[in-house]
Structures are given as C-alpha cells and as structure tokens.
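A.B. asks: Using my numbering, the first residue of the sequence shown is number 5, and each one after it goes up by one.
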Amino acid sequence: MAFLFKNGEQLYTEGLDMIGRRDFSGAKKKFTDATQKGYTNDGLAQVYIGILDVGANRSSLGCYKTLRNALGDLKINSFKFGLTDIDVADLIAETELDIKEIEANNLPDSLYKEKSAALIACAGEFMTRIGEKNLKFDEIFKGTTAATGNREALILQAEGYYVLGEGSVSEDPKMASEYMQMSY
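#1: Report buried or exposed for Glu-156, applying the criterion of at least 16 other Cβ atoms within 10 angstroms of its Cβ.
#2: Between the alpha carbons of Thr-70 and Lys-178, how many angstroms are there, rounded?
#3: Pull the bridge partners of Ser-82 from the DSSP assignment, please.
#4: Beta carbon of Ala-49, beta carbon of Thr-39: below 9 Å?
#5: Should Gly-76 and Ile-96 be called a contact, given that it needs their Cβ atoms to be closer than 9 Å?
#6: Using CA coordinates, which residue listed in Leu-101, Ile-80, Phe-85 and Phe-141 is at the minimum distance from Gly-47?
#7: Does the stretch 109–118 touch the stretch 132–145, meaning 3 or more C-beta pairs lie closer than 8 Å?
#8: Going by DSSP, name the residue or residues bridged to Asn-138.
#9: Going by beta-carbon coordinates alone, are Phe-85 and Ile-55 separated by less than 9 Å?
#10: For Ser-120, does the three-state DSSP call read helix, strand or coil?
#11: If Glu-100 sits next to Ile-134, beta carbons under 8 Å apart, how far is it from one beta carbon to the other, in whole angstroms?
#12: With a CB to CB cut of under 7 Å and the five nearest residues on each side skipped, what residues in its chain are close to Thr-36?
#13: Exposed or buried, what is Ala-93 when buried is set at 16 or more other beta-carbons lying within 10 Å of its beta-carbon?
#14: In angstroms, rounded to a whole number, what distance separates the CA positions of Gln-14 and Asp-91?
#15: Use the C-beta contact count for Asp-161: other C-beta atoms within 10 angstroms, 16 or more gives buried, fewer gives exposed.
#16: Going straight from the alpha carbon of Leu-158 to that of Gly-42, what length do you get?
#17: Count the other C-beta atoms from every protein chain shown that fall within 10 angstroms of the C-beta of Thr-148, then say buried if there are 16 or more, exposed otherwise.
#18: Is Gly-128 close to chain B, meaning its C-beta is less than 9 Å from at least one C-beta of that chain?
Here you go:
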C-alpha cells in the first residue's frame, strides 16, 4: 500500500531523481515541498532550489544573490548536481562573479567609462578566480564544458572595450577606433 502523504526526505529524494532526468521544474517543486515539510538536508535543498532558479533566469540578480546566500550556509565542501560534481568554493566564486557581471551590464550606457571598467575588472577576476575550470552553470544547463573562466574573461574584456569604443566615438573618434579594435 502506497502512502498518500510523503515526508520531506522522500520529496527531496524524488527531487534528486528528477534532476537526473533533467526535469528541473519538477525537481524544484519537490525540493520546495521538502523544505516546507522541514527537510533541508543541511541546506542543500535550498542550494538546489537556488541553482534551478538561476537556470530558469540567468539574468536575474536576485536569483544569484539568493543562491550565494544559500551556498554560504552550507557545511559541506562539495556535492553532486545530477552527474556534475560541484565544489562549493568554486560555485561561490562563479556566483559572485556572475553577480558582478550582471551589475556591470546593468549600468546605463551613459556611464560607459564605469561600465567598461567594471566589465574589464570582472574579466580579470574570472581569469584569476576560475581560470581554466569549467563554468558550472553552463555545464549543468547547456551541457557544455567548453565555457571556462578564461573564455568568459576574454568575452567580458572584449565587451568592455566595445562599450568604451561606442561611448567615446563622439568625443575622440580615433581613440574609439582603437578601443573597437581592441574588442576584436
């Protein structure tokens, strides 16, 4: 006889199974239900919910900040998300850098010098903090291991110089041309 009501641990286990089948919306519901029943597996359920929220809305600053807080509360060093091994410190670094990237991109174009500087600074941090390691969000949600910290750094650096070139074209066309060449 099957039980009609499931406890939090059963819902959590079902959520893990759904991640393995890439049913992310179903998994999020199971983890949410598990936490509502008081089962969090030492905060890991909140982290799974946060990762799933980021995957559903990659440009949401709020989703990244919520995930960052949940990761900071974990007492473990690593966990699995489906088949992907996650190092907590690396995911914290990636999440913090994604927050900086979104904040930089959200700056208005009229502040092109500040926006450019923020993008280029973020590029440097991707290179130093993540380097050749895979970006976990791309690995989880896009199934690619081609995205690395160094690759993201090059993209952000190009974006930074492009923004600087676009913004300075009316003030100094020659310098704008230099910036545009640096972006390519």
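For glycine and all other residues, C-beta sits at the position ideal for the given N, C-alpha and C.
C.D. replies: Straight from the coordinates:
#1: buried
#2: 44 Å
#3: Asp-91
#4: yes
#5: yes
#6: Ile-80
#7: no
#8: Thr-152
#9: yes
#10: helix
#11: With 8 Å as the limit, Glu-100 and Ile-134 do not qualify as a contact, their Cβ atoms being about 10 Å apart.
#12: Ile-53
#13: exposed
#14: 25 Å
#15: In the sequence on display, residue 161 carries Gln and not Asp. Its Cβ being crowded by 16 or more others within 10 Å, Gln-161 is buried.
#16: 44 Å
#17: exposed
#18: This model lacks chain B altogether; it includes just one protein chain.
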